[in-house]
Structure formats: C-alpha cells, structure tokens
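Each remark here refers to the structure printed beneath this line.
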Amino acid sequence: MSHVYITHSTLDLDDLLKLHEAMRAESIPVKFAPDDDNDRDRNNRDIDDAFAMIVLVSATSVRSKTVRQDIERAKARGLPLIPYQIDKARMNGFFKQEVQPHLRLSSTTPDGLNQLVQQTLDAYKKKCPVIAVMNLKGGVGKTTVSAQVFGAWHAMAGGRILLIDLDPQYNLTQTFYEMDVADESAAADKSVISLFERSRLHTRNAESPAEHWLNLSTEPFAPVARDYLVHDIMAEGNSPPGRFDIISGQFEISKYAFATDNDALEQIKRHFLRQVDFYRSEYDLIVFDTNPNATFLTRCALEAADRVLAPMHTDIYSLRGVKLLDQVLRTQIPIGKRPALSVLFNAVSRSEQSTFEADARNGTFDDVARFPLSDALLKSALPRSKHLAVKPPQEGQPAWKQLVIHSGRGGGLKQIRESLKTIALELKELCDETH
Ligand SMILES: Nc1ncnc2c1ncn2[C@@H]1O[C@H](COP(=O)(O)OP(=O)(O)OP(=O)(O)O)[C@@H](O)[C@H]1O
Ligand SMILES: [Mg+2]
Numbered sequence: 001m002s003h004v005y006i007t008h009s010t011l012d013l014d015d016l017l018k019l020h021e022a023m024r025a026e027s028i029p030v031k032f033a034p035d036d037d038n039d040r041d042r043n044n045r046d047i048d049d050a051f052a053m054i055v056l057v058s059a060t061s062v063r064s065k066t067v068r069q070d071i072e073r074a075k076a077r078g079l080p081l082i083p084y085q086i087d088k089a090r091m092n093g094f095f096k097q098e099v100q101p102h103l104r105l106s107s108t109t110p111d112g113l114n115q116l117v118q119q120t121l122d123a124y125k126k127k128c129p130v131i132a133v134m135n136l137k138g139g140v141g142k143t144t145v146s147a148q149v150f151g152a153w154h155a156m157a158g159g160r161i162l163l164i165d166l167d168p169q170y171n172l173t174q175t176f177y178e179m180d181v182a183d184e185s186a187a188a189d190k191s192v193i194s195l196f197e198r199s200r201l202h203t204r205n206a207e208s209p210a211e212h213w214l215n216l217s218t219e220p221f222a223p224v225a226r227d228y229l230v231h232d233i234m235a236e237g238n239s240p241p242g243r244f245d246i247i248s249g250q251f252e253i254s255k256y257a258f259a260t261d262n263d264a265l266e267q268i269k270r271h272f273l274r275q276v277d278f279y280r281s282e283y284d285l286i287v288f289d290t291n292p293n294a295t296f297l298t299r300c301a302l303e304a305a306d307r308v309l310a311p312m313h314t315d316i317y318s319l320r321g322v323k324l325l326d327q328v329l330r331t332q333i334p335i336g337k338r339p340a341l342s343v344l345f346n347a348v349s350r351s352e353q354s355t356f357e358a359d360a361r362n363g364t365f366d367d368v369a370r371f372p373l374s375d376a377l378l379k380s381a382l383p384r385s386k387h388l389a390v391k392p393p394q395e396g397q398p399a400w401k402q403l404v405i406h407s408g409r410g411g412g413l414k415q416i417r418e419s420l421k422t423i424a425l426e427l428k429e430l431c432d433e434t435h
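Take 1 as the starting number for the sequence shown in UniProt numbering and just add one per residue.
Set out below in structure tokens:
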C-alpha cells in the first residue's frame with residue numbers, strides 16, 4: 001500500500017516525530033528520509049511511490065537542499081503537496097512559488113495537527129474517476145481519443161493518469177511502444193492480464209495465465225506496487241512533469257471470451273474490480289481503452305467505470321453502436337452502479353458542422369437512439385486531422401512524443417491541440433461535478 005512522504009529538515013525532529021505518531025494513530029503509512037544524508041535514489045523511489053507529500057515548513061527546511069530536491073521530485077511526478085508550517089519561516093523564492101500556494105495549515109492554528117491528519121487521510125482514501133472509452137462499433141476513434149484527449153488532459157491539469165489497455169488488439173499500447181516491447185512485457189506478465197489472474201508478478205513460481213487458455217485461475221492475489229505493473233510513458237527524455245502511465249495490453253485476454261465457467265469468470269471479474277479500486281488511490285484519473293464488441297471485458301470495464309466516453313462518427317453505424325452501448329448499460333448494470341454516458345463526435349469535418357451533427361444536437365436522433373443522445377453529447381467535437389492519424393512509434397524516440405499535445409509538426413497543429421484541450425476540459429468539468 002502506498003504511503004505519505006514527509007520532507008523535513010533534520011533539525012525538525014520533534015515535529016517530525018509528533019506528526020509520525022499522529023499518522024500512525026490513523027494507520028496512515030509514512031516514509032521520510034531517516035538521517036542527514038541526501039540519498040537521492042532512495043528518496044526519489046519513496047517519493048514516486050507516495051500518494052502525497054507533507055512538507056514541514058520551517059526556518060531550516062526552507063534552506064535545505066534535500067527538501068528542495070524532494071519538492072522538485074514531487075512536482076515532476078505530479079504528487080499532491082500538503083505543506084504544514086511549524087515555525088515563523090521566511091519563504092524564499094522557491095518556497096513562495098512551489099509551496100506557499102498550497103499552504104493552509106500551521107501548528108499554531110488550533111487543531112492544526114488534526115486538520116493535517118484529516119487532509120492526509122482524505123488524500124489516502126481518495127478514489128479517482130474511472131473513464132471507459134467505449135463504443136460497440138469499431139474504428140470510431142476509441143484508441144485515438146484514449147491517447148490524445150487524455151494526453152491533453154494531462155498536459156492541462158498535470159497529476160497522475162493511468163491508461164489501461166483492455167482491448168485484445170492492444171492498439172493503445174502500440175501507440176506508445178513498438179510491438180516487441182509490448183510483447184516482451186506481456187511475456188513477463190507485466191501487462192493487463194495481471195489485473196485479472198494471479199501471475200508471475202504476484203508469485204514467482206506461478207504459471208503465466210497467458211499460457212493456459214483453458215485454465216482460469218481464481219486464486220486470490222494482492223495488488224503489486226504500481227511500478228512493477230505499469231509503463232511510465234513520461235519516463236524518458238526531457239518529459240513534461242507528472243505521471244502518464246499505461247498498463248500494457250495483450251491478445252491473451254481474449255481467453256475470457258471463450259471461457260464457459262461462469263463462476264470462475266465472476267471471481268476473475270472481482271479480482272479486476274479490486275485491483276482497479278486499489279490503483280484508484282494512486283492516480284488522479286484512470287482511463288480504459290476497450291474492444292468494440294460486447295464481451296466479458298466490456299462488463300468488467302462498465303462495472304469499474306463511473307463514466308463512459310463514447311466516440312462516434314457522424315453516421316448511422318456509429319449511432320447504432322452508441323444505441324447498443326446505452327442498451328447494454330441499462331440492461332446489464334444496476335442503476336446505482338451505472339456509469340454516466342458522454343458521447344463525443346470524432347473526425348468531424350472542420351469546415352462546417354455536418355447536418356448529421358446538427359440534427360443529433362437538436363434531438364432528431366433521440367428516438368432512434370432510444371435515449372436522450374442530445375443531452376449526452378459533449379459540446380465540443382474532435383475534428384478530422386492528419387495529426388491524429390496513427391503514427392507508429394519511432395525507434396529511439398521517447399514514448400510521450402506520440403502525444404499530439406507535446407509533439408508534431410505542420411499546419412493545423414495549433415487548432416487540433418486547442419480542440420483536444422477543450423474536450424479534455426469539458427470532460428474534466430463533468431467529472432468534477434459528479435465525483
Ligand atoms: N479525428 C481523427 N482524425 C483523423 N484520423 C483519425 C481521427 N480519429 C481516429 N483517426 C484514425 O482512424 C483510425 C481508427 O481510429 P482508432 O484506432 O482510434 O479507432 P478505434 O475505435 O480504437 O478502433 P477499434 O474499434 O479497432 O479499436 C486510425 O487510423 C486513427 O488514426
Ligand atoms: Mg482501438
């Protein structure tokens with residue numbers, strides 16, 4: 001389980017211990033640098049695995065090189081900061097910029113320590129939104145939207161986003177990594193199958209669930225620390241700050257579509273839901289890219305998600321896909337657990353709004369869709385653009401350069417980035433309202 005990281009000056013030991021005790025009383029795991037030496041590798045590792053960082057703000061911590069480097073690392077990884085002032089420290093430029101905007105709590109305010117514990121507890125228990133990008137129609141831009149809209153969300157809002165490739169075609173993984181990288185990862189079970197069944201990630205001498213198509217393992221297993229499972233898309237090169245991770249996909253999760261043991265499938269679905277729930281405390285958003293046909297994987301995605309984003313083209317085939325999707329939602333998922341549905345027009349012509357789009361927006365298709373499609377439509381739409389056409393990853397180029405929001409060349413790039421950001425913002429506001 002993840003922990004809160006406390007960055008402190010070694011001269012503030014009394015306050016550190018008091019804080020440690022208070023966290024322990026609430027069973028919040030804590031890590032901090034135990035001594036004077038600035039062991040960057042160890043600190044960085046502990047910071048990367050934390051769910052938040054408490055900054056003990058004091059006259060000495062403001063001047064500490066270790067504290068400054070800890071805060072820089074937290075910023076680079078999109079970790080929330082919870083500063084706590086323990087004396088009359090005078091902020092320098094760095095603290096004024098990075099820490100002061102978050103500073104609300106101090107040991108001199110009555111109940112300051114309790115408030116700090118409460119805020120930390122809230123961050124510890126926080127469950128981020130989960131969005132399933134889905135349409136029961138193929139080729140409408142699910143994978144493109146999963147990468148590019150959420151890449152723009154991340155560029156705008158920062159923080160930590162986890163993509164999960166739930167499509168056995170694993171095109172989302174191949175957007176960022178070459179096929180052999182994805183397959184090598186899957187060969188070690190560092191891939192999506194480890195959310196469903198116990199694998200070699202969980203127990204060294206376990207058999208790989210990918211090797212046994214006819215066996216379903218219902219053995220329970222504990223979630224692994226995320227670094228064993230995810231690929232850090234922002235890892236290489238001079239990447240933007242924050243985390244943008246992916247659990248890579250593989251063909252072998254098709255096995256569940258052929259399985260006939262419903263009791264075992266039910267258990268495996270529960271494993272999946274529990275794993276996703278665990279990682280929800282460690283990210284600010286989780287996104288699933290999904291397969292276009294209704295399968296066991298569809299059910300898993302719908303039960304774990306609190307919102308479905310359905311990209312559609314401006315044509316009747318896509319409309320039919322969305323209609324079926326809504327029908328699956330209504331008939332298969334009980335009302336209290338049913339995710340909200342948002343529909344996004346994708347690949348629309350930039351020059352003028354099509355009649356189809358205009359009709360959809362004014363409710364003409366609500367009857368055909370058998371649900372209020374016009375209400376579910378996002379106001380913003382994603383234009384057709386050459387910048388969104390699939391480009392395989394280039395050898396030697398960092399994975400994050402596949403994101404249009406960070407990389408690209410040629411006319412129309414500015415407009416497409418604006419569209420991606422507008423959609424991300426609209427979606428984020430919807431999530432903030434309902435979450
Ligand atoms: N807005 C767009 N402008 C231009 N090309 C696009 C756009 N959206 C998607 N595409 C292209 O359309 C094709 C299909 O897109 P994508 O793979 O994202 O669809 P999908 O719904 O994930 O497909 P599948 O159902 O097979 O998973 C890809 O070649 C993609 O690059
Ligand atoms: Mg796809």
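We treat Cβ as the ideally placed atom computed from N, Cα and C, and that holds for glycine.
Residue i burial status per 10 Å Cβ neighbour count (16 or more: buried)
{"i": "A360", "result": "buried"}
{"i": "V390", "result": "exposed"}
{"i": "I416", "result": "buried"}
{"i": "A347", "result": "buried"}
{"i": "T355", "result": "exposed"}
{"i": "F365", "result": "buried"}
{"i": "F362", "result": "Note on residue identity: the sequence assigns Asn, not Phe, to residue 362. With fewer than 16 Cβ atoms within 10 Å of its Cβ, N362 is classed as exposed."}
{"i": "K255", "result": "buried"}
{"i": "T175", "result": "buried"}
{"i": "I335", "result": "exposed"}
{"i": "V368", "result": "exposed"}
{"i": "M234", "result": "buried"}
{"i": "K379", "result": "exposed"}
{"i": "T434", "result": "exposed"}
{"i": "S349", "result": "exposed"}
{"i": "D271", "result": "A small fix is needed here, since residue 271 is His in this sequence, not Asp. Buried: at least 16 other Cβ atoms inside 10 Å."}
Limits of the beta strand (DSSP E) - the one that residue i falls within
{"i": "K31", "result": "30-32"}
{"i": "F176", "result": "It is not in any beta strand (DSSP E) - F176 instead sits in the alpha helix (DSSP H) that spans 171-176."}
{"i": "D284", "result": "Note, D284: premise wrong, no beta strand (DSSP E); not H, not E."}
{"i": "A132", "result": "130-133"}
{"i": "L56", "result": "52-57"}
{"i": "I405", "result": "First-last for I405: undefined, no H or E at that position."}
{"i": "F345", "result": "340-348"}
{"i": "T7", "result": "4-7"}
{"i": "I335", "result": "Where I335 is concerned, there is no enclosing beta strand (DSSP E), given that its DSSP letter is neither H nor E."}
{"i": "F244", "result": "243-247"}
{"i": "Q85", "result": "81-85"}
{"i": "I164", "result": "160-165"}
Closest residue to residue i among the options (Cα-Cα distance)
{"i": "V67", "options": "F95, N362, A50", "result": "F95"}
{"i": "L382", "options": "T422, D366, K401", "result": "T422"}
{"i": "D227", "options": "L162, H212, P110, A399", "result": "L162"}
{"i": "V230", "options": "G237, F251, S194, A222", "result": "S194"}
{"i": "D370", "options": "G321, K379, T143", "result": "Per the sequence presented here, residue 370 reads as Arg, with Asp not at that position. Checked all of G321, K379, T143; the closest Cα to R370 is G321."}
{"i": "E236", "options": "E395, D263, K414", "result": "E395"}
{"i": "A304", "options": "P83, I71, C128", "result": "C128"}
{"i": "R90", "options": "S61, T109, R307, P34", "result": "S61"}
{"i": "F221", "options": "L201, E184, D232", "result": "L201"}
{"i": "A187", "options": "A210, T203, F196", "result": "A210"}
{"i": "D273", "options": "S342, Q97, L302", "result": "The sequence given here has Leu at residue 273, not Asp. When each option's Cα is compared against that of L273, the closest is L302."}
{"i": "D180", "options": "P398, V149, Q250", "result": "Q250"}
{"i": "Q69", "options": "D14, D41, Q402", "result": "D41"}
{"i": "L344", "options": "S318, L324, K337", "result": "S318"}
{"i": "Y177", "options": "S419, S199, S342, D232", "result": "D232"}
Presumed contact (8 Å Cβ cut-off) between residue i and residue j, rounded CB distance
{"i": "Q332", "j": "R299", "result": "7 Å"}
{"i": "S281", "j": "F32", "result": "With a Cβ gap of about 20 Å, S281 and F32 do not count as contacting."}
{"i": "S191", "j": "S248", "result": "5 Å"}
{"i": "L265", "j": "A257", "result": "So it is not a contact: roughly 10 Å between Cβ atoms."}
{"i": "S146", "j": "D289", "result": "4 Å"}
{"i": "N135", "j": "P292", "result": "7 Å"}
{"i": "A152", "j": "A424", "result": "5 Å"}
{"i": "I28", "j": "S58", "result": "Not a contact, Cβ separation roughly 21 Å."}
{"i": "P223", "j": "Q275", "result": "5 Å"}
Residue i: first and last residue of the uninterrupted alpha helix (DSSP H) it sits in
{"i": "F150", "result": "142-157"}
{"i": "Q332", "result": "316-332"}
{"i": "R45", "result": "40-48"}
{"i": "S419", "result": "413-434"}
{"i": "A257", "result": "255-258"}
{"i": "residue 449", "result": "A question about residue 449 goes unanswered here, because the residues of the chain that appear run from 1 up to 435."}
{"i": "V368", "result": "366-369"}
Discussion item. Under 8 Å: do the region 241-255 and the region 70-79 share three or more Cβ pairs, one atom per stretch?
Written reply: When C-beta atoms of the region 241-255 are compared with those of the region 70-79, three or more pairs fall below 8 Å, so the two segments count as touching.
Fill in: Touch test, the region 307-317 against the region 158-176, Cβ-Cβ under 8 Å, three pairs minimum
Inter-segment contact for the region 307-317 and the region 158-176 is absent: fewer than three beta-carbon pairs are separated by less than 8 Å.
Fill in: Three-pair Cβ contact test at 8 Å for the region 154-166 versus the region 282-299
Because the criterion of three Cβ pairs below 8 Å is met, the region 154-166 and the region 282-299 touch.
Worksheet item: For the 8 Å Cβ check, are there 3 or more pairs between the region 397-412 and the region 373-388?
Response: With a cut-off of 8 Å on Cβ pairs, the region 397-412 is in contact with the region 373-388, counting three or more such pairs.
Worksheet item: Would you call the region 264-279 and the region 98-112 touching, i.e. three or more CB-CB distances under 8 Å?
Response: Counting Cβ pairs under 8 Å, fewer than three are found: no touch.
Discussion item. Using 8 Å as the cut-off, can you tell me whether the region 216-236 makes contact with the region 119-130, which would need three or more C-beta pairs spanning the two stretches below that distance?
Written reply: Short answer: they don't touch.
Discussion item. Using a Cβ distance threshold of 8 Å, determine whether the region 3-15 contacts the region 47-62, with at least three qualifying pairs required.
Written reply: Short answer: they touch.
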